[in-house]
Every structure is written in C-alpha cells, then in structure tokens.
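Visitor: Dropping a structure here in structure tokens format, bear with me for questions.
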Amino acid sequence: MNSARRDRTIGSLCLGVTAFGWALNWPLMKLLLQQWPPLFARGLAGVCASLILGTLVLSRKESFAVPREAIPRLVFATFTNVFAWMGLGTVAMKYVTVSEGALLAYTMPIWAMLFAWPVLHTRPTARDIFGLVLGVAGVTLLLSGNGFAFGADKLLGIVLALLCAILFALGNVLNRKPLPLPPLVVVAWQVGLGCATMLVLGVAFERPDVTAITPLGLGCFVYMTLVPMGVCYVTWFETLRRLPPTTASTGMLIVPVIGVVSAAIILGEPLGYREWTAMALTLGGVTLALQRG
C-alpha cells in the first residue's frame, strides 16, 4: 500500500471513529441531562477531559505557553468554540429533541457563509443561496411538526441551539488565522477554560445534586468525558492531517444522521418521513455551503 492510499485509509478510519463518537454523544447527553443539569454536567466532563488532554500534551513534550499577543484570540475562540457551542448547545438539549438540536447546530456552515460576506467580502454565489434555501427549508420542515405551536421551553431550546451555531460560525470566520500553538494544546486550553467557566456557573446557579446520578448516568458521563472530548479530538486532528479539509468537513455531516438514528433507538424519539426529509434538505444545504471552500 503506497503512502497516499495508506493516508486515505487511516484518515477515513479516523473520520469514522470521530463521527460515531460525536454522534452517540447526542442521545447519551440527553440521558445524562435527566440526572444532572446541563452546565454542571458538560463543565465537569470538559474539565476532566482537559486534564486528560493536558496529560497527552505533556507526554508529547509540547509546551502550554501561549504568546501574549495570542491570548485575546484564545479567549475569544474559547467563548465561541466551547462555551457557546458546547455550553449553549447542551442547555438547548434540555428543551429540544436530538433531531432538532443536531440539525439546528449543524447549520453552522450556512451561517459561516453568510458571515463571510460582510467580514471577508466573499459574496454568496447562486449555489450558496440555494444551499441556504435548502437549509432553511429543512429546519422549517423539522420544526413544523406541531404547526409551529412552541411552548416557552421549546422556543428557548430552539433559540439556544441556533445561537450556538451562529456564534460558532462567527468564531470560525473571525478566527481564520490559526493560533500559534500545536492543535492539541489549543484544544486543551479551550476545553479547560471554557468548561471550567461552565462548571463554576453550573455550581453557582444550577445547584446540582451530585448524588442523583445513577450507574447509567455515570456511564454516559464517562463516555462524554473520554470519547467526544478526548479520543475524538485526537482522531479528528489525525483526519485533518490525512484527508483534504473539505472531504473531512463534508464527511462529518454523518454525525447528525447517526445522532438522530441512535436517538430513535436509545430514546424512542420520532424518526419518520418528516425527520428524514428535513435531514436531507438541511444537510444538502450545508454540503453546498461547505463546498465553497
């Protein structure tokens, strides 16, 4: 097997591990939220994961030092990539189904395409506009199950899920220049700082009952700590090293699909014609948005 083919094979395997690891976190997180509040649960898992990532950084003899001029960018990236994406997204999952939360969150490339117009002066093409229309149609179809008769809780969940996607997209557009640090060091810092903030807020305002967790909940917590915030980051960086970025990003669209299907199996959430059509429309639009770069 030549080097290029070996890279593609290993990269594809890493992409599969990353996608399945992140996808299964959606229904398992929903189970955990039945026992622990969102900011506390996600924050504690992230702090534990950051310690594991930090240990891996030390084992590679990489430095945690952050150049002074990069600190503001690191803080902003922590807010958009961790606090907004993970924190707001997890709170949203208290109020919406996995299919709703996953598809709303994965509209991020569409928002990034829109932000790129005023920020980077990259005008949307006809294909981009078509992708936007597909994405909006998919989300609209998904949320129309009860004739848009949302209660206050459901509306809050929808707003938070959209906000996490919008802020994450804004961060990606404004933070296009990579931080002058190894990728794993960046993740360790961002997950540690962002999740420590969530943990403090969770303890202060959510007043969690730590003893409320069951063996099932503990298993979900361990999974959240080790797999999506640990193993998956390592395999994702390996994916990016071995596959073209567009291939890797488009391949990650399988995440909400696996998440929705696994939620139907694990949680008994609805999975019918409306959900499948909404996924096809939304992810079709996201694919078009991703293909621009």
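In the working numbering, the protein residues as written are 624 to 916. All C-beta atoms, glycine included, are put in the ideal place defined by N, C-alpha and C.
#1: In or out: N625 buried (at least 16 other Cβ within 10 Å) or exposed?
#2: Excluding the 5 residues flanking P806 on each side, which residues of the same chain have their C-beta closer than 7 angstroms to its C-beta?
#3: Out of M902, V670, P868, which has the shortest C-alpha to C-alpha gap to G817?
#4: Using the C-alpha atoms, what's the distance from R629 back to V918?
#5: With a CB to CB cut of under 8 angstroms and the five nearest residues on each side skipped, what residues in its chain are close to L662?
#6: Kindly indicate which three-state DSSP category R719 falls into: helix, strand or coil?
#7: Helix, strand or coil: how does DSSP classify E892 here?
#8: Which word fits R683, buried or exposed, when buried means at least 16 other C-beta atoms lie within 10 angstroms of its C-beta?
#9: On the DSSP letters alone, give me the boundaries of the alpha helix (DSSP H) that L802 sits inside.
#10: Assuming V742 and L797 form a contact by the criterion Cβ under 8 angstroms, report the distance between their Cβ atoms to the nearest whole angstrom.
#11: With a cut-off of 8 angstroms on the beta carbons, I'd call V762 and E685 a contact; round off their distance for me.
#12: Express the C-alpha separation of T848 and L842 in angstroms, rounding to a whole number.
#13: Is it true that the CB of S722 sits closer than 7 angstroms to the CB of V935?
#14: What distance in whole Å lies between the Cβ atoms of L764 and L904, which are believed to be in contact at a cut-off of 8 angstroms?
#15: Going by DSSP, what residue range makes up the alpha helix (DSSP H) through P868?
#16: Do you know how far the Cα of L783 is from the Cα of P831?
Guide: Here's the rundown:
#1: Per the 10 Å Cβ criterion, exposed.
#2: Correct list, in chain order: F860.
#3: Here the closest residue by C-alpha is V670.
#4: Since the first residue of the chain shown is 624 and the last is 916, residue 918 is not available in this structure.
#5: Taken in chain order, the residues that qualify are G710, T713, V714, M821, L822, L824, G825, F828, E829.
#6: Checking the displayed sequence, the identity of residue 719 turns out to be Val instead of Arg. Of the three classes helix, strand and coil, the one that applies to V719 here is coil, per DSSP.
#7: If DSSP states are grouped into helix, strand and coil, E892 belongs with coil.
#8: R683 should be labelled exposed.
#9: From DSSP, L802 is part of no alpha helix (DSSP H); its letter is neither H nor E.
#10: Yes, they are in contact, since the Cβ atoms of V742 and L797 sit about 7 angstroms apart, within 8 angstroms.
#11: With 8 angstroms as the limit, V762 and E685 do not qualify as a contact, their Cβ atoms being about 40 angstroms apart.
#12: In the sequence as displayed, the identity of residue 842 is Gly instead of Leu. When rounded, the distance between both Cα atoms is 10 angstroms.
#13: Not covered by the structure: residue 935. The range shown for the chain is 624 to 916.
#14: Confirmed, about 7 angstroms.
#15: Its alpha helix (DSSP H) spans residues 868-874.
#16: One C-alpha to the other measures close to 21 angstroms.
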